[in-house]
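So the structure is just underneath, and the comments pick up after that.
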Amino acid sequence: MDTQKLADEVETRRTFAIISHPDAGKTTITEQLLLFGGVVREAGTVKARKTGNFAKSDWMEIEQKRGISVTSSVMQFDYAGKRINILDTPGHEDFSEDTYRTLMAVDSAVMVIDSAKGIEPQTKKLFQICKMRGIPIFTFMNKLDRDGRDPMDLIDQLEEVLGIEAYPMNWPIGMGKTLTGIYDRFNHRVEKYNHADDSTLVELDDDDNPINDSELAEDPQFKETRDSVELLEMAGNDFDQEKIAKGDQTPVFFGSALVNFGVKTFFDAYLKFAPAPGEHKTQEDTVVAPTAEQFSGFVFKIQANMNPNHRDRIAFVRICSGEFEKGMDVNLARTDKKIRLSNVTEFMANTRENVQTAVAGDIIGLYDTGNFQIGDTIFTGKPKINFEKLPQFTPELFVRVAAKNVMKQKSFHKGIQQLVQEGAVQLYTSYSTNDYILGAVGQLQFEVFQFRMQNEYNSEITMEPMGKKTARWIDPDQLDERMSSSRNLLVKDRNGDPLFLFENQFALRWFEDKYPDVKLTAKL
Ligand code: G4P
Numbered sequence: 001m002d003t004q005k006l007a008d009e010v011e012t013r014r015t016f017a018i019i020s021h022p023d024a025g026k027t028t029i030t031e032q033l034l035l036f037g038g039v040v041r042e043a044g045t046v047k048a049r050k051t052g053n054f055a056k057s058d059w060m061e062i063e064q065k066r067g068i069s070v071t072s073s074v075m076q077f078d079y080a081g082k083r084i085n086i087l088d089t090p091g092h093e094d095f096s097e098d099t100y101r102t103l104m105a106v107d108s109a110v111m112v113i114d115s116a117k118g119i120e121p122q123t124k125k126l127f128q129i130c131k132m133r134g135i136p137i138f139t140f141m142n143k144l145d146r147d148g149r150d151p152m153d154l155i156d157q158l159e160e161v162l163g164i165e166a167y168p169m170n171w172p173i174g175m176g177k178t179l180t181g182i183y184d185r186f187n188h189r190v191e192k193y194n195h196a197d198d199s200t201l202v203e204l205d206d207d208d209n210p211i212n213d214s215e216l217a218e219d220p221q222f223k224e225t226r227d228s229v230e231l232l233e234m235a236g237n238d239f240d241q242e243k244i245a246k247g248d249q250t251p252v253f254f255g256s257a258l259v260n261f262g263v264k265t266f267f268d269a270y271l272k273f274a275p276a277p278g279e280h281k282t283q284e285d286t287v288v289a290p291t292a293e294q295f296s297g298f299v300f301k302i303q304a305n306m307n308p309n310h311r312d313r314i315a316f317v318r319i320c321s322g323e324f325e326k327g328m329d330v331n332l333a334r335t336d337k338k339i340r341l342s343n344v345t346e347f348m349a350n351t352r353e354n355v356q357t358a359v360a361g362d363i364i365g366l367y368d369t370g371n372f373q374i375g376d377t378i379f380t381g382k383p384k385i386n387f388e389k390l391p392q393f394t395p396e397l398f399v400r401v402a403a404k405n406v407m408k409q410k411s412f413h414k415g416i417q418q419l420v421q422e423g424a425v426q427l428y429t430s431y432s433t434n435d436y437i438l439g440a441v442g443q444l445q446f447e448v449f450q451f452r453m454q455n456e457y458n459s460e461i462t463m464e465p466m467g468k469k470t471a472r473w474i475d476p477d478q479l480d481e482r483m484s485s486s487r488n489l490l491v492k493d494r495n496g497d498p499l500f501l502f503e504n505q506f507a508l509r510w511f512e513d514k515y516p517d518v519k520l521t522a523k524l
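The UniProt record's numbering numbers the first residue of the sequence shown as 1 and each following residue consecutively.
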């Protein structure tokens, strides 16, 4: 591919994740987007899959026909001249480092908020990760077909709770049973809600009066909305593309995913302002441009046994520059080894017209036999590239883990090693007893781990809860094993680095008072 063609291809990519608190409507909105992209034909397909109401065979058939795994963590499709990559971030049940790391692989985020509930804890956590990366965040206030909070309160909440400037792109006319439409500030028109899966567009004149719609002109709710919009024009924030690009301002869209109202308007505006893939920083203090000829990418997620019939592992790679070609040889920066990328999954919906090229912004899945680790950089040519380290999120919950059947140590160790490599749980070993200790961000990780050990490795395990701990690493040169007590368990992490698991903040402070010269660090 020549340089211009590569630049043109990259320009069409929009790679994002949808962040939300469970039940805000992420699945429903994803489904609408897939419908727009022609990936699924009927509403309810993804939802049925999620709730298990879908016959597996039907589902497999869809996957085969469309050549896309809608259930998988990456969904790619073409829409309005753009190639869309949606990266799934598992909701609260699967909440893990995986979720955080996926946000390292996107260029923007869509934040879905239930307009009756406002900002919920999970939204806040995920928002903070996006904010840390400085990526653009677009907000969809969902469930407008139901009574929700006052729109002005919702906007205030964004500014006060999340500390981000909000710019409402549209404003509801009524809500719940009285929902008549949305006033689309951006396109200067009204989108009327027809209680069916469509809407009518009414253009507005220069004085904001509906053209050719006397009913709307007389609607008291419309008048109220117009007053609110006037207020926004006078006292609200100015639309600022630069701020949006840095994640300092979020464009806000009201709508309802369930009745597909306002979703298309949102998506069209989103595609207009969401960025194409950008540069990535390296540990060598350089930046890699997406249009660079040199192919490069990093592993942000590893998933084992996606298909339990085959013992496969897939390393998900976000391409940062250049073009991927099947069978290409790449360098693995960590080991300096050469690896041929011959067994690869792309996540494109298989519409035959599309030539399948993967360029910066796209995600590829590499079948892995143990070569890759999370955070690995792969690249071709020169110079050597090591992308910036992915952040580590300190686990807060810990369990002691052992094989139930001492005769089955082999499968126990194999399972632990492989599942730990996926990164959802962290493995520690106690200094004094060599016990295995697992740490995770959420409780469910442990349950999933236990289930998978049993199902995939035939290893029954026992887990003894240790509760919440505060993990702090210590410089090995400063370590004296006598520093360990019943309130601060000394363990080693996977790299052999020592750390203490403190019972609570009090125990940590007590330690810091006792050893003022010792430097403790929390990895984040
Ligand atoms: P999630 O992936 O963020 O967890 O949310 P999901 O899309 O599964 O939606 C959670 C619930 O909210 C679902 O209802 C869904 O139908 C409903 N929902 C999503 N968007 C809207 C909306 O715009 N308006 C209204 N009124 N409801 C919405 P449920 O009762 O859990 O499931 P179901 O009975 O619909 O199957």
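Just so it is clear, CB atoms sit at the ideal spot from N, CA and C, and this is done for glycine as well.
If I measure Cβ to Cβ from residue i and keep anything under 6 Å in the same chain, skipping five residues before and after, which residues do I get?
i, result
"residue 225", "171, 173, 183"
"residue 521", "473"
"residue 460", "404, 454"
"residue 4", "none"
"residue 127", "162"
"residue 111", "19, 137, 139"
"residue 270", "138"
Starting from residue i, trace the beta strand (DSSP E) in both directions and tell me its first and last residue.
i, result
"residue 209", "Per DSSP, residue 209 belongs to no beta strand (DSSP E) and is neither H nor E."
"residue 367", "363-368"
"residue 78", "74-79"
"residue 234", "From DSSP, residue 234 is part of no beta strand (DSSP E) but of the alpha helix (DSSP H) over 220-235."
"residue 191", "189-196"
"residue 82", "82-87"
"residue 142", "137-142"
Taking the DSSP output, what are the residues bridged to residue i?
i, result
"residue 280", "288"
"residue 426", "439"
"residue 331", "338, 379"
"residue 108", "16"
"residue 462", "402"
"residue 249", "165"
"residue 270", "None, per the DSSP bridge assignment."
"residue 491", "430, 499"
"residue 324", "358"
Determine the closest residue to residue i out of the options, with distance taken between C-alpha atoms.
i, options, result
"residue 113", "102, 143, 361", "143"
"residue 193", "204, 208, 177", "177"
"residue 219", "248, 417, 179, 34", "179"
"residue 117", "248, 443, 24, 512", "24"
"residue 287", "321, 257, 254", "321"
"residue 186", "252, 437, 439", "252"
"residue 392", "359, 401, 423, 297", "423"
"residue 515", "495, 475, 523", "475"
"residue 88", "132, 106, 146", "106"
"residue 510", "488, 495, 497, 496", "488"
"residue 238", "370, 249, 245", "249"
"residue 280", "130, 324, 292", "292"
"residue 395", "428, 151, 435, 17", "428"
"residue 415", "466, 313, 329", "313"
"residue 150", "254, 202, 37", "254"
"residue 22", "35, 120, 37, 486", "120"
"residue 216", "200, 73, 438, 206", "200"
"residue 240", "202, 266, 167", "167"
"residue 462", "436, 440, 456", "436"
"residue 267", "242, 331, 344, 169", "169"
"residue 233", "417, 188, 30, 39", "188"
Of all the CB atoms in chain D, is at least one closer than 7 Å to the CB of residue i?
i, result
"residue 224", "No chain D appears in this structure, which consists of one protein chain only."
Which same chain residues, not among the five before or five after residue i, have their C-beta less than 8 Å away from its C-beta?
i, result
"residue 373", "299, 302, 334, 421"
"residue 327", "340, 341, 342"
"residue 205", "211"
How far does the alpha helix (DSSP H) with residue i in it extend, from its first residue to its last?
i, result
"residue 244", "241-246"
"residue 127", "121-133"
"residue 509", "505-514"
"residue 32", "26-36"
"residue 155", "151-157"
"residue 5", "3-12"
"residue 97", "97-102"
For residue i, which residues of its own chain have a beta-carbon under 7 Å away from its beta-carbon, when the five flanking residues on both sides are left out?
i, result
"residue 508", "470, 472, 502"
"residue 499", "471, 472, 473, 474, 491, 493"
"residue 529", "There is simply no residue 529 to check, as the chain begins at 1 and stops at 524 in what is shown."
"residue 452", "419"
"residue 244", "136, 251, 273"
The stretch 133-150 in contact with the stretch 335-344 per 3-pair CB rule at 8 Å: no
Sufficient close CB pairs (3 or more, under 8 Å) joining the stretch 406-414 to the stretch 480-488: no
Stretch pair the stretch 1-16 + the stretch 260-279: three plus CB contacts closer than 8 Å: Touching, yes.
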